[in-house]
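**Student:**
Protein chains: 2
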Amino acid sequence: MNPDRQCMSDAIRDSLTSRIFDGTLKPGDRLVELEIAREFDTSQTPVREALRELESLRLVDSAPYRGTWVRGISDREMVEAYAVRGVLEQLAAELAAPRLKGDVAEIRESLALIHESARAGDIEGYAKHNLDFHRGIVLASDNEVLIQSFDRLAFEARVRLHLRSQHEPRLIERAREHDEPVDALERGDGVTAGRLLRKHTESCKQRWLDRSLTTELDTSIPERQPVNASYLS
Amino acid sequence: MNPDRQCMSDAIRDSLTSRIFDGTLKPGDRLVELEIAREFDTSQTPVREALRELESLRLVDSAPYRGTWVRGISDREMVEAYAVRGVLEQLAAELAAPRLKGDVAEIRESLALIHESARAGDIEGYAKHNLDFHRGIVLASDNEVLIQSFDRLAFEARVRLHLRSQHEPRLIERAREHDEPVDALERGDGVTAGRLLRKHTESCKQRWLDRSLTTELDTSIPERQPVNASYLS
DNA sequence: CACAGGCTCATTATCGATAATATACAGGTG
DNA sequence: CACCTGTATATTATCGATAATGAGCCTGTG
Numbered sequence: 046m047n048p049d050r051q052c053m054s055d056a057i058r059d060s061l062t063s064r065i066f067d068g069t070l071k072p073g074d075r076l077v078e079l080e081i082a083r084e085f086d087t088s089q090t091p092v093r094e095a096l097r098e099l100e101s102l103r104l105v106d107s108a109p110y111r112g113t114w115v116r117g118i119s120d121r122e123m124v125e126a127y128a129v130r131g132v133l134e135q136l137a138a139e140l141a142a143p144r145l146k147g148d149v150a151e152i153r154e155s156l157a158l159i160h161e162s163a164r165a166g167d168i169e170g171y172a173k174h175n176l177d178f179h180r181g182i183v184l185a186s187d188n189e190v191l192i193q194s195f196d197r198l199a200f201e202a203r204v205r206l207h208l209r210s211q212h213e214p215r216l217i218e219r220a221r222e223h224d225e226p227v228d229a230l231e232r233g234d235g236v237t238a239g240r241l242l243r244k245h246t247e248s249c250k251q252r253w254l255d256r257s258l259t260t261e262l263d264t265s266i267p268e269r270q271p272v273n274a275s276y277l278s
Numbered sequence: 046m047n048p049d050r051q052c053m054s055d056a057i058r059d060s061l062t063s064r065i066f067d068g069t070l071k072p073g074d075r076l077v078e079l080e081i082a083r084e085f086d087t088s089q090t091p092v093r094e095a096l097r098e099l100e101s102l103r104l105v106d107s108a109p110y111r112g113t114w115v116r117g118i119s120d121r122e123m124v125e126a127y128a129v130r131g132v133l134e135q136l137a138a139e140l141a142a143p144r145l146k147g148d149v150a151e152i153r154e155s156l157a158l159i160h161e162s163a164r165a166g167d168i169e170g171y172a173k174h175n176l177d178f179h180r181g182i183v184l185a186s187d188n189e190v191l192i193q194s195f196d197r198l199a200f201e202a203r204v205r206l207h208l209r210s211q212h213e214p215r216l217i218e219r220a221r222e223h224d225e226p227v228d229a230l231e232r233g234d235g236v237t238a239g240r241l242l243r244k245h246t247e248s249c250k251q252r253w254l255d256r257s258l259t260t261e262l263d264t265s266i267p268e269r270q271p272v273n274a275s276y277l278s
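The listed protein sequences derive, respectively, from chains A and B. Note that my numbering has the first sequence beginning at 46, numbered continuously upward. Note that my numbering has the second sequence beginning at 46, numbered continuously upward.
As structure tokens, then:
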């Protein structure tokens, strides 16, 4: 948000964020203020601020006098988020098309990387470039509020959290779904691009639904680790 | 977010929020931590937390060691927000229709109050019930993520901030734009309701654009009051 | 007069300590 | 043995004080 903040609390926030992203911190894990403060060789105050920021990003939950813990994301929420993302991206494409004037070079770059990752079977890379691709279109809309709304969905965190549990994703096939929207954007047809992108999002959502129905495992959200969980380690 | 927090920082946050809403605090006004702390007879810490929350709600801006001030909302941002709100509401209507099963009693209640306020020329009331109406449809979508995204647009704050400067708004005429979407919802036609709602939002946006072009006054955003502004009072 | 450098002061960022609260556990009771 | 009650403890919420920083001012120079 403010990229130029140099205070301790921001460093802590960023560090904790990446731990949540990379799975070091799992849903339900408790974040104990003084413990983190010791680790960063600082006091409780900046840690609290960092935690509150994470809460506003919905990466953690907290309750008064009960602490803070990593937020789990249910399949239901994932599906809800896909629905919202769909219309946001549709709008983004419609706004982006007249602005781009056919110059989709940057977007094509991300697209190429998506295909590359798909061929290599690199799930991590696929997720990253996929996000770059979609966010690129949103950025091209030049609508600050839209960009914010999109970012707040925190798709990176959501997807990464579930990546590990993914079976054999047909990456190459999925990657192809991105081609047509870009073609439409290139010829300035934002409406079509938007419709295609939304359809793409819908199919992502559907895949998620299917998977969550078939695998049947832990659709529950870890609520919070018990207090003495840290003693076990 | 967590309605059951009883800590000081939340009370401060709520108090400051309503001051921003009701115009006691104007864009550009500085929020000095110790000053607020004295007022609430508390220390700096809870005030800081409150300010950070307001920042995440984008009601205030801040920079390190430079403080916090009420955020202005430009006409451009307002227009951007309308565009996003349009697609969010459209989606909401589509999702709400099958859930409501024609039961639009609650929504009609808000609608009646809108018309009533319009007849009475009660701009404040109109704004309130109008928001209730639109939010009611979003709530009926039963999509938590969508509700969050909508709320984050903070339309209440945005609209109220500009209400005072509004000329003769043709409220009665505007109120009528809400009728058709409700009819559509009642007969379960979410797609039509969504399209109409989006069109409504577009016309709100357009009115805003027209007004901001014709009035030509202070399209600028107050950045921040100078440090010694408080001495003048 | 425009402008750079250094000084002062208001304010933020952080600290270490204390008050307040929830959780876990022990003991008693039916 | 299940259940309640009270107590110990871990942890959060808040406090008052200090360190760090930026804004404004003053001075001197060209």
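Note that beta-carbon positions come from the ideal geometry of N, C-alpha and C, so glycine has one too.
Please list, in chain order, all residues of the same chain as residue 116(B) whose beta carbon is under 7 Å from its beta carbon, the five residues on each side excluded.
**Tutor:** The answer, listed in chain order, is 72, 103, 104, 105, 106.
**Student:** Contact between the region 50 to 62 of chain B and the region 84 to 102 of chain B: three or more CB pairs below 8 Å?
**Tutor:** Cβ pair count under 8 Å is three or more, so yes.
**Student:** Can the beta-carbon of residue 99(B) be found closer than 8 Å to that of residue 62(B)?
**Tutor:** yes
**Student:** Could you round the C-beta distance between residue 243(B) and residue 131(B) to whole angstroms and report it? I think they count as a contact, below 8 Å.
**Tutor:** Contact flag correct, Cβ pair sits at about 4 Å.
**Student:** Counting C-beta neighbours from all protein chains within 10 Å, is the total for residue 251(B) 16 or more, i.e. buried, or is it exposed?
**Tutor:** exposed
**Student:** Flag this pair as yes or no: are the beta carbons of residue 285(B) and residue 178(B) separated by less than 8 Å?
**Tutor:** Missing from the structure shown is residue 285(B); chain B here goes from 46 to 278 and no further.
**Student:** Using a Cβ cut-off of 9 Å, pull out every chain A residue sitting near residue 229(B), in sequence order please.
**Tutor:** Result: empty, since nearest Cβ-Cβ is about 18 Å, beyond 9 Å.
**Student:** Output, in chain order, the set of chain B residues within a Cβ distance shorter than 9 Å of residue 122(A).
**Tutor:** Near residue 122(A) (Cβ distances below 9 Å), the residues of chain B are 189, 190.
**Student:** Using DSSP with H/G/I as helix, E/B as strand and the rest coil, what is residue 257(A)?
**Tutor:** helix
**Student:** In chain B, which residues lie less than 8 Å from residue 270(A) when you measure between Cβ atoms?
**Tutor:** Those do not exist, as residue 270(A) stays about 19 Å from chain B at its closest Cβ, beyond 8 Å.
**Student:** Pull up the distance between the alpha-carbon of residue 60(B) and that of residue 70(B), whole angstroms please.
**Tutor:** 11 Å
**Student:** Would you please verify whether the beta carbon of residue 78(A) is less than 8 Å from any beta carbon of chain B?
**Tutor:** no
**Student:** Compare the C-beta of residue 87(B) with all C-beta atoms of chain A and state if any pair is closer than 8 Å.
**Tutor:** no
**Student:** So the beta strand (DSSP E) residue 113(A) belongs to, where does it begin and stop?
**Tutor:** Element bounds for residue 113(A): 112 to 115.
**Student:** Mind listing the chain B neighbours of residue 94(A)? Cutoff is C-beta to C-beta under 8 Å, in chain order.
**Tutor:** Within chain B, the C-beta atoms nearer than 8 Å to that of residue 94(A) come from 93, 94, 97, in chain order.
**Student:** Flag this pair as yes or no: are the beta carbons of residue 137(A) and residue 190(B) separated by less than 8 Å?
**Tutor:** no
**Student:** Checking contacts by CB at 8 Å: is residue 194(B) closer than that to chain A?
**Tutor:** yes
**Student:** Excluding sequence positions up to five away, which residues of its chain have a Cβ less than 7 Å from the Cβ of residue 227(A)?
**Tutor:** 149, 152, 153, 156
**Student:** I think residue 145(B) touches residue 185(B), with their Cβ atoms under 8 Å apart; what is that distance to the nearest whole Å?
**Tutor:** With a contact defined as Cβ atoms closer than 8 Å, residue 145(B) and residue 185(B) qualify at about 6 Å.
**Student:** Would residue 236(A) pass as a contact of residue 80(A) if the rule is Cβ separation under 8 Å?
**Tutor:** no
**Student:** Taking 8 Å as the threshold (C-beta atoms), are residue 159(A) and residue 174(A) in contact?
**Tutor:** yes
**Student:** For residue 248(B) and residue 222(B), I'd like the C-alpha separation in whole angstroms.
**Tutor:** 10 Å
**Student:** Could you name the residues that DSSP lists as bridge partners for residue 106(A)?
**Tutor:** 114(A)
**Student:** Have a look at residue 238(A) and residue 113(B) and give me their C-alpha separation to the nearest angstrom.
**Tutor:** 41 Å
**Student:** At a threshold of 7 Å, does residue 92(A) count as lining the ligand PLP (C-beta to nearest heavy atom)?
**Tutor:** As presented, the structure is devoid of all ligands, the ligand PLP included, so that no description of it is given.
**Student:** Beta carbons nearer than 8 Å to chain A: which residues of the region 133 to 144 of chain B have them?
**Tutor:** 133, 135, 136, 140
**Student:** Could you pull the DSSP bridge partners for residue 76(A) from this structure?
**Tutor:** 113(A)
**Student:** Using the beta-carbon of each residue, which ones in chain B are nearer than 9 Å to residue 257(A)?
**Tutor:** Simply none; closest approach about 16 Å.
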